[in-house]
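Notes to accompany the following structure.
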């Protein structure tokens with residue numbers, strides 16, 4: 182998961198840099214031809230890097246999906262057989278962005294949970310009524326919901342990317 186989060190973050194940063202560079206190049210096209218050619222070369226290099234990083238990210242998603250389903254191999258095999266995959270690059274980008282948002286929220290939840298655990302059982306985080314949940318329990322429940330949401334996004338990626346589908350199938354059948 183850490184590998185996916187790292188690569189996904191790098192892709193996001195570099196896609197923004199690519200967009201900024203393209204915008205800059207478009208505004209400077211009337212300028213120095215040599216500078217323009219150098220900028221195009223740098224943009225081309227960045228595109229090559231981005232494609233390689235996206236391939237790594239797809240492999241990471243496929244490995245995560247295969248791992249998540251490892252205890253239910255027959256069910257996953259059946260799911261793969263019945264699944265129809267439609268390539269949706271725009272949707273993939275949105276799903277990866279949502280995964281990045283969830284990863285950031287999970288880091289915050291982990292920090293909050295760690296702090297609450299340091300306070301120990303004597304902390305006033307438990308409600309006054311027996312049926313109230315503690316702040317720690319609430320944070321752990323919120324973290325679990327975020328993890329489920331991320332897993333659902335990974336399944337959406339599986340359905341929207343032929344590459345991830347094939348990689349997951351290959352990884353799972355090993």
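In my numbering, the protein residues as written are 182 to 355. Virtual Cβ for every residue (Gly too), placed ideally from N, Cα, C. Owing to the predicted nature of the structure, the values given are computational and were not obtained by experimental measurement.
Residue interval of the alpha helix (DSSP H) (run including residue i)
{"i": "residue 200", "result": "183–209"}
{"i": "residue 325", "result": "316–341"}
{"i": "residue 295", "result": "270–300"}
Pairwise C-alpha distance: residue j and residue i
{"i": "residue 221", "j": "residue 347", "result": "33 Å"}
{"i": "residue 292", "j": "residue 327", "result": "15 Å"}
{"i": "residue 242", "j": "residue 314", "result": "34 Å"}
{"i": "residue 353", "j": "residue 244", "result": "8 Å"}
{"i": "residue 253", "j": "residue 246", "result": "11 Å"}
{"i": "residue 276", "j": "residue 335", "result": "8 Å"}
{"i": "residue 338", "j": "residue 272", "result": "8 Å"}
{"i": "residue 322", "j": "residue 286", "result": "13 Å"}
{"i": "residue 250", "j": "residue 341", "result": "18 Å"}
{"i": "residue 280", "j": "residue 197", "result": "17 Å"}
{"i": "residue 199", "j": "residue 224", "result": "7 Å"}
{"i": "residue 189", "j": "residue 235", "result": "8 Å"}
{"i": "residue 255", "j": "residue 355", "result": "14 Å"}
{"i": "residue 183", "j": "residue 282", "result": "14 Å"}
{"i": "residue 298", "j": "residue 320", "result": "11 Å"}
{"i": "residue 248", "j": "residue 229", "result": "29 Å"}
{"i": "residue 265", "j": "residue 294", "result": "39 Å"}
{"i": "residue 239", "j": "residue 267", "result": "16 Å"}
{"i": "residue 207", "j": "residue 329", "result": "42 Å"}
Which listed residue (the options) has its alpha carbon closest to that of residue i
{"i": "residue 226", "options": "238, 244 and 195", "result": "195"}
{"i": "residue 300", "options": "324, 317 and 185", "result": "317"}
{"i": "residue 284", "options": "344, 331 and 229", "result": "331"}
{"i": "residue 269", "options": "183, 238, 219 and 344", "result": "344"}
{"i": "residue 191", "options": "320, 278 and 297", "result": "278"}
{"i": "residue 325", "options": "350, 351, 288 and 349", "result": "288"}
Segment contact, 8 Å Cβ cut-off, at least three pairs: the region 248–268 with the region 190–207: no
Taking the runs of the alpha helix (DSSP H) that are 4 residues or longer, which of them lie wholly in the region 217–279? 254–263
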